[in-house]
Amino acid sequence: MKASASAPGKVILVGEHFVVEGSPAIAVAVDVRARATAEAAEGDLVTISSRELGEASFGPGAGGGPLYPVYVAVQEIFKRAGRRAGLRLTIESDIPPGAGMGSSAAVAAAAAAATARLLGLPLSPDEIAQAALAAETIVHGKPSGIDPAATSYGGAIYFKRGAKPERISADFGRVRLVLADSGIQRSTGALVARVLETKRRHPEVLEPLYKAAANLAEKARSALERGDFATVGELMNINHGMLSALGVSNAKLEELVYAAREAGALGAKITGAGGGGMIVALCWSEDAERVARALSGIAARTIVAPVSEKGATSALEG
Ligand code: PMV
């Protein structure tokens with residue numbers, strides 16, 4: 152018997168970095184997915200293989216290597232099921248890694264969902280998110296949990312650290328997200344640490360900005376609920392300025408953001424940790440290809456993606 156699962160990438164519409172210190176943020180799942188298949192194997196080893204990361208086997212107590220976080224997510228499922236099992240797990244992903252689209256969380260969520268399906272353990276999106284969060288903690292140190300929540304739930308979520316994510320009811324049928332990759336590699340953990348250090352040095356300056364970011368996320372949520380995408384775009388532009396104030400923008404990201412706005416995006420901003428990685432532009436569907444064309448000459452890669460209503464899903468195969 153074999154189980155397969157997939158989980159979407161995510162884009163933070165508003166609130167990254169501020170979310171680490173308790174402000175709310177809004178993320179949407181996008182239809183670029185990671186997939187996992189799980190098959191029962193003899194013994195109690197879990198063998199994980201990926202085209203990009205090779206293959207590794209993990210037993211009880213073993214650790215380390217690039218595939219270890221995936222094993223941590225699988226272990227969370229074993230804990231919930233109250234038993235271990237020998238497994239052969241194959242993972243693959245269309246989500247560009249290290250670019251702010253939540254590829255590691257999506258891979259972990261897909262692996263957790265496939266394993267749970269194989270073991271016959273029904274899981275809620277929240278339980279899948281918790282398994283993926285255990286994996287993320289190995290990758291990033293102290294993640295807010297927004298990536299695991301977005302990939303597990305799908306659609307748009309309102310996320311506050313420590314609280315159960317809330318699904319936002321919004322119709323994204325008329326809009327597309329255009330993502331443009333700066334091609335600059337960066338470490339989320341290092342950027343989060345740098346922002347927190349800046350805040351520690353200037354609390355009287357930055358605490359009001361964190362309060363403003365919380366207000367911005369609330370306004371963005373209401374605008375999404377009433378389908379007012381022009382206001383969402385405007386709030387994304389304001390949020391980009393706030394992220395620049397935190398020191399996570401650079402000349403390349405500004406170039407991409409301004410090119411997207413000039414080509415007709417409703418709003419454009421850094422998405423994720425910044426310092427490199429991607430920008431996101433919110434566009435009317437009919438404008439998306441034009442905005443993507445304007446970005447393609449100056450970006451390492453562009454992606455036009457609809458919002459995915461489908462979070463992590465799994466099924467048994469023959
Ligand atoms: O991993 P990224 O680049 O999508 O960034 C995650 C968002 C941060 O707010 C910067 C960190 C976090 O854990 O929420």
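For what it's worth, this note's numbering labels the leading residue of the sequence shown as 152, then goes sequentially.
Quick reminder that beta carbons are idealized off the backbone N, C-alpha and C, glycines included.
Everything numeric in this text was worked out from a predicted model, so none of it was measured.
*By how many angstroms is the C-alpha of LEU238 removed from the C-alpha of ALA185?*
Taking the straight line joining both Cα atoms gives about 19 Å.
*Ignore the nearest five residues each way along the sequence and tell me which others in ALA374's own chain have a CB closer than 6 Å to its CB.*
Same-chain partners within the cutoff: THR382, VAL383.
*Any idea what DSSP makes of VAL165, helix, strand or coil?*
Per DSSP, reduced to three states, the secondary structure at VAL165 is strand.
*Using only the heavy atoms of the ligand PMV, determine whether one of them is closer than 8 Å to the beta carbon of HIS168.*
For HIS168, the Cβ falls inside the 8 Å cut-off from some heavy atom of the ligand PMV.
*Are the region 160 to 168 and the region 379 to 398 touching by the rule of at least three beta carbon pairs closer than 8 Å?*
Touching, yes, given that three or more Cβ pairs across the two stretches are closer than 8 Å.
*Which partner residues does ALA180 have in the DSSP bridge list?*
Note: ALA180 sits in a beta bridge opposite LYS161.
*Check whether the Cβ of ALA176 lies closer than 8 Å to any heavy atom of the ligand PMV, and answer yes or no.*
Result yes, Cβ under 8 Å from the ligand PMV.
*Are ALA191 and ALA156 closer than 9 Å when you measure CB to CB?*
Taking C-beta atoms as the reference points, ALA191 and ALA156 fail to come closer than 9 Å.
*Give the secondary structure of MET393 by DSSP, where H, G and I count as helix, E and B as strand, and everything else as coil.*
Here MET393 carries a helix assignment [DSSP, helix/strand/coil].
*asked:* Just to check my reading of the structure: ALA265 and ALA154 have Cβ atoms closer than 8 Å, yes? What is that Cβ distance to the nearest angstrom?
replied: Cβ atoms of ALA265 and ALA154 come within 8 Å of each other, at about 5 Å.
*Pick helix, strand or coil for ILE246, following the three-state DSSP scheme.*
In this structure, ILE246 counts as coil in the three-state DSSP scheme.
*Opening and closing residue of the beta strand (DSSP E) in which LEU218 lies*: That residue, LEU218, is in no beta strand (DSSP E); it is neither H nor E in DSSP.
*State yes or no: is the C-beta of HIS391 nearer than 8 Å to some heavy atom of the ligand PMV?*
Flag unset: Cβ of HIS391 not near the ligand PMV.
*Beta carbon of VAL181 nearer than 9 Å to that of ALA456*: For VAL181 and ALA456, yes; Cβs fall inside 9 Å.
*Output the distance between the C-alpha atoms of LEU204 and LEU218, rounded to the nearest integer angstrom.*
Using only the alpha carbons, I get a separation of about 7 Å.
*The alpha helix (DSSP H) with ASP438 in it runs from where to where?*
Counting along the chain, ASP438 falls outside any alpha helix (DSSP H), and DSSP gives it neither H nor E.
_6 Å CB neighbourhood of VAL329 in its chain, flanking five on each side removed_ = If we look at VAL329 and ignore the five residues flanking it on each side, its Cβ neighbours are ALA432, CYS434, ALA439, VAL442, ALA443, VAL455.
*Give the C-beta separation of GLY427 and ARG337 to the nearest angstrom, bearing in mind that I take them to be a contact with Cβ-Cβ under 8 Å.*
At roughly 4 Å, the Cβ-Cβ gap stays under 8 Å, so GLY427 and ARG337 are in contact.
*Exposed or buried, GLY253, counting other C-beta atoms within 10 Å across all chains shown (16 or more means buried)?*
With 16 or more Cβ atoms within 10 Å of its Cβ, GLY253 is classed as buried.
_Run through the DSSP bridge pairs and tell me what ALA200 is partnered with._
Rather than Ala, the amino acid found at residue 200 in this sequence is Ser. Note: SER200 sits in a beta bridge opposite GLU206, THR241.
*Measuring alpha carbon to alpha carbon, tell me which of HIS353, ASP195, THR339 ends up nearest ILE289.*
The option with the nearest alpha carbon to ILE289 is THR339.
*Pull up the distance between the alpha-carbon of PRO503 and that of THR241, whole angstroms please.*
This structure cannot speak to residue 503, because the chain is shown only from 152 to 469.
*Inspect the beta-carbon positions of LYS311 and GLY423 and report whether they are closer than 9 Å.*
Contact: no.
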